[in-house]
Every structure is written in structure tokens, then in C-alpha cells.
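Here's the structure, in C-alpha cells; my notes come after.
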Amino acid sequence: MNKLSIVIPTFNEKDNIRSLVKRIDDALESVNHEILFVDDSRDETPQVLEAVSKENSRVKYIHRENEKGLATAVLMGFRAADGDYLACMDADLQHPPEILLPMYVALTKGADMCIPSRLIPGGSDGGLNWYRKLISGSARNIGKAMLPCLRPISDPTSGLFMFRKEIIDGADMRPVGWKIMIEVLATSHFSSVTEIPYTFCERQSGESKIDKDATVQYLQQCMDLRKRYVRNKISVTKWTSEQTDTYVKEFTSGN
Ligand SMILES: Nc1nc2c(ncn2[C@@H]2O[C@H](COP(=O)(O)OP(=O)(O)OP(=O)(O)O)[C@@H](O)[C@H]2O)c(=O)[nH]1
Ligand SMILES: [Mg+2]
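Residue numbering for the sequence shown follows this note's numbering, starting at 407 and increasing by one per position.
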């Protein structure tokens, strides 16, 4: 069976770690997986990670001292992970861990990447207030206007995605700031994407880390990617909620 590595960036998320790990392990009971945290915290998160990794051999972590940056943390995790499939998700439970199983199933059915979407039928961005929806929608539209490679994807600016490790072999990734998925989408070599609907939830505990620098860094990243994005020819398949449930049932009954 293929191994899945879930890479999770953390900055001061001590109260979310245990429930996150429990929900991932429950969701991926039938899948060979590891959970790799890349942590830049200034609170007690490293102590929680140390304790959890001692109790649970699937959990590993890297702690960076005096370093910050979501995207570089995830990239470090991708390089350290040993799975055949790599996933990225947030630690604050806004990305429901249960979505990892259908994402994995999409890859076992042949997709190079699976990108859950809040914006296809069955999906929802209910975890954002109207102001954050406006910001998030503007960022997405700016990204698509600047980078044609993002246009076929309905929800390319979140931090939730899974892919076959080999698509990033040789990818020229130089992310700044917050956005790692656009960096992967723009610089990797892949040909098929499956989108599945999901509900983006409210943060469970702790505070948002997003700050005003994030907007400037995002625009810088888009400008920079304009010079180096790869022109892949890709096909995008969108699953309905019913199809997703059926494929997951087929997968679990076959295991
Ligand atoms: N390693 C690392 N992780 C970070 C850093 N900044 C944020 N994160 C993590 O990245 C994930 C996303 O950060 P959030 O603050 O939830 O950002 P967001 O989801 O866009 O914003 P909210 O909707 O307000 O929660 C969380 O797991 C954070 O702990 C950082 O500098 N380094
Ligand atoms: Mg969040």
C-alpha cells in the first residue's frame, strides 16, 4: 500500500494538536500514513508535539527556531516526508481531517492531485465571515488573472491539497509568505486533478496568524510565478458529494 505523509505547518496551535491527530488517525484507519508537523511556534506547541510524537509513532515533527513562514515550513515538510503521496493541511481544524480519506481515494483512482473545493456543488466556505469571504475571493481572482495555470482550478488558494510526490521532482519552488498550493500548481508537472466538495469550518482554538504582510507577499509571489510557471495541459474532474461517498465506500470495502 502507498504511504501518505500529511504535512501540517504550525504556529502556536497547542490546543488543536491532540484533536487534530486523533481525527486524522480515525479518518485514515485503513491507510498507511504519517503526520509531519513543521513548527515555528513561540508557545508550548513544541512540548505538545514532543509528547504526542512519543505516544504515537505516526507523528513526527520538525521545530524551527527563529524562523517563520507557512510556505517555507510546508516545503521543508515535503522534502523531509517519505510518503508516496503528500498532503498539506492547516492545524486549526478549518480543514476537516475526514476529507483526507476521499482525497487519498482520488489519488488511488489515478489523479495526480486532489484539491478539495469550497466552491463546487456540495462545498461551502461557511467558516469565513463576509469580510474574509471578500478578501479570499479577491485573492483568488487576482491569482487567476495573473496566472493562467490557476484558472482551471476552482479553489486554488487554500492550503488543503494532496498529490503524488513525484510531481514536485525538479519543481522550481521558491515560495514567500503564505501560499504553498499556488507554488505547487505553478511549478510542478502533472496532468490530472480531481476536485471534491468540502465544508471549510471555523477555527477551533487559538488565533488567526494572517497579517497585513500576507497580501503583499501574495502579490509578490504571483508576480514572481508569472516568470516561471509551467504550462501543463491538465484535465480536471469534479466529484459530487454522492460520487465521493460511493468511491470511499468502494475503497473501504475493498480493504
Ligand atoms: N510553521 C508555520 N506555520 C504557520 C505559520 N503561520 C501560520 N502557520 C500555520 O498555518 C496554518 C494556517 O494559518 P491560519 O492562521 O489558520 O491562517 P488562515 O486559515 O488563512 O486564517 P484563519 O481563517 O483566520 O484561521 C495554521 O496551521 C497555522 O498554525 C508560520 O509562520 N510557520
Ligand atoms: Mg486557519
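Glycine is no exception: its CB is placed at the ideal position from the N, C-alpha and C atoms.
**OP:** Quick one: residues with CB closer than 7 Å to any heavy atom of ligand 2, in chain order, please.
**Re:** Asp496, Asp498, Gln500, Arg609, Ser614
Original post:
If you draw a straight line from the C-alpha of lysine 474 to the C-alpha of serine 598, how long is it?
Top reply: 32 Å
**OP:** Within the same chain, show all residues whose beta-carbon is closer than 8 Å to that of cysteine 628, passing over the 5 residues directly before and after it, in chain order.
**Re:** Ile548, Gly549, Met552, Leu553, Ile588
**OP:** For glutamate 456, verify whether its CB is less than 8 Å away from any heavy atom of ligand 1.
**Re:** no
Original post:
For aspartate 619, does the three-state DSSP call read helix, strand or coil?
Top reply: helix
Original post:
Looking at C-alpha atoms only, which residue of Ser564, Trp645, Tyr491 is the closest neighbour of glycine 533?
Top reply: Ser564
Subject >> CA-to-CA distance, lysine 409 to proline 522, given in whole angstroms >> reply: 20 Å
Subject >> heavy atom of ligand 1 below 8 Å from alanine 545 C-beta >> reply: no
Original post:
For leucine 426 versus proline 503, is the C-beta distance shorter than 9 Å?
Top reply: yes
**OP:** Give the range of the alpha helix (DSSP H) segment to which valine 458 is assigned.
**Re:** 451-461
Original post:
Per the contact definition of three or more C-beta pairs closer than 8 Å, is the region 634-646 in contact with the region 438-455?
Top reply: no
Subject >> Simplified DSSP assignment, three categories, for methionine 579 >> reply: coil
Original post:
Ordered along the chain, which non-local residues of its own chain (more than five positions away) have a Cβ less than 6 Å from that of histidine 501?
Top reply: Met495, Leu566
Original post:
To which residues of the same chain is lysine 633 closer than 8 Å at the C-beta, ignoring the five residues directly before and after it?
Top reply: none
Subject >> glutamate 419: CB within 8 Å of a non-hydrogen atom of ligand 1 >> reply: yes
**OP:** Please state whether DSSP places phenylalanine 596 in a helix, a strand or coil.
**Re:** coil
Original post:
Any chance the CB of leucine 476 is under 8 Å from a heavy atom of ligand 1?
Top reply: yes
Original post:
By how many angstroms is the C-alpha of leucine 434 removed from the C-alpha of aspartate 578?
Top reply: 31 Å
Original post:
Counting pairs of Cβ atoms below 8 Å between the region 471-489 and the region 437-447, do you hit three or more?
Top reply: yes
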